[in-house]
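One structure is given below, encoded as C-alpha cells.
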Amino acid sequence: MKLNNELEALLNAQVNMEIEAAHQYKAMAAYFEGRELEGFAKWMDAQVQEELEHSRKIYDYIFKRDGKVEYFALEKPKADFSSVKEVFEVALAHEQKVTAAIRALYKAARDAEDYGVETFLKFFIEEQEEEEETVKKIIDKVTFLDADNKNVNLYLLDKEMGERK
Ligand SMILES: [Fe+2]
Ligand SMILES: [Fe+2]
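Residue 203, in my numbering, is where the sequence shown stops; the numbers in between run on with no holes.
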C-alpha cells in the first residue's frame with residue numbers, strides 16, 4: 039500500500055530530523071574532543087551512529103511503501119557550550135523536539151488508519167522514551183558531581199559498589 043501524501047511528507051521530515059540530530063551530536067563530539075574529554079566524545083560518536091541508523095530505518099520504510107525520499111539543507115549545529123551540563127541540556131531539548139515530532143507522526147498515522155506506519159513507529163516511541171531518560175540521567179549525574187567535590191569520591195565508590203557480581 040502506497041503512503042498517503044501527508045504521511046510521506048512527515049516521514050521525510052523525520053528522515054531529515056534524525057540526520058539533523060546526528061549533525062548536532064557530531065558538533066557535540068567535536069566540542070568534547072577539543073576539551074580532551076574523550077569518554078564524552080566517544081559517547082557522542084555512538085549517538086551519531088544511532089541517529090543515522092534511525093534515519094536509515096525510516097528511509098527504508100518510505101521506499102518499502104513506494105514513497106520518495108528527499109533531503110533538506112542542514113542548519114549549522116550549535117558548537118559552543120559553556121559547560122558539559124549545557125551540552126546535555128541542549129541534547130535533551132533536541133530529543134524532546136524529536137519526541138514531539140514522532141508523536142505527531144503517530145497521530146497522523148492513526149487518523150489515516152495506516153496501521154503499517156503506526157506499527158513501524160512503535161520502535162521510535164520506545165526509543166524516544168529511552169533517549170530522554172538516558173540524557174536526563176546524565177544531566178542529574180553531572181549536576182551531582184558539580185555540586186560538591188566530595189561527590190566525585192562518592193561517585194567512584196558507587197561505581198566500585200556497582201561492580202559486585
Ligand atoms: Fe533518533
Ligand atoms: Fe535521539
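Idealized CB from N, CA, C, for every residue including glycine.
For residue i, count the other beta carbons within 10 Å of its own beta carbon; 16 or more makes it buried, fewer makes it exposed. Which is it?
{"i": "L112", "result": "exposed"}
{"i": "G77", "result": "exposed"}
{"i": "Y109", "result": "exposed"}
{"i": "D98", "result": "exposed"}
{"i": "L48", "result": "buried"}
{"i": "L159", "result": "buried"}
{"i": "F161", "result": "exposed"}
{"i": "G105", "result": "buried"}
{"i": "E46", "result": "buried"}
{"i": "Q184", "result": "In the sequence under discussion, the amino acid at residue 184 is Asp, which differs from the Gln named in the question. So D184 ends up on the exposed side."}
{"i": "D152", "result": "buried"}
For the candidate residues the options, whose alpha-carbon lies nearest to that of residue i?
{"i": "L41", "options": "V107, R103 and D83", "result": "R103"}
{"i": "T157", "options": "K197, Y144, L90 and E168", "result": "Y144"}
{"i": "A68", "options": "I163, K175, V136 and D118", "result": "D118"}
{"i": "V107", "options": "K179, Q166 and V53", "result": "V53"}
{"i": "E58", "options": "E198, V86, F101 and A142", "result": "V86"}
{"i": "E167", "options": "M39, R141 and M55", "result": "R141"}
{"i": "I177", "options": "Q62, E127 and V136", "result": "E127"}
{"i": "E56", "options": "F162, A84 and S93", "result": "S93"}
{"i": "F101", "options": "F161, G200 and M39", "result": "M39"}
{"i": "A138", "options": "E164, S120 and G154", "result": "E164"}
By Cβ distance, which residues of its chain are closer than 7 Å to residue i, with the 5 residues on each side in sequence left out?
{"i": "F70", "result": "F78, A79 and M82"}
Short of 6 Å in beta carbon distance, which residues of its chain neighbour residue i, apart from the five on each side in sequence? Order them along the chain.
{"i": "M66", "result": "M82 and V125"}
{"i": "A129", "result": "V173"}
{"i": "N191", "result": "none"}
{"i": "Q134", "result": "none"}
{"i": "L90", "result": "A60"}
{"i": "F182", "result": "N189"}
{"i": "I96", "result": "L49, Q52 and V53"}
{"i": "P115", "result": "H61, Q62 and A65"}
{"i": "E169", "result": "E133"}
Looking only at its chain, what residues have a beta carbon closer than 8 Å to the beta carbon of residue i, apart from the 5 residues adjacent to it on each side?
{"i": "L75", "result": "V122"}
{"i": "E44", "result": "A146 and A150"}
{"i": "R148", "result": "E156"}
{"i": "D186", "result": "none"}
{"i": "R202", "result": "none"}
**Study point:** alpha helix (DSSP H) runs contained entirely in the segment 108-180, provided each spans 4 or more residues
**Key:** Runs found: 122-149.
**Study point:** Every unbroken alpha helix (DSSP H) inside the segment 40-80 [4 residues or more]
**Key:** Counting whole runs of 4 or more residues, the segment 40-80 contains the alpha helix (DSSP H) stretches 43-72.
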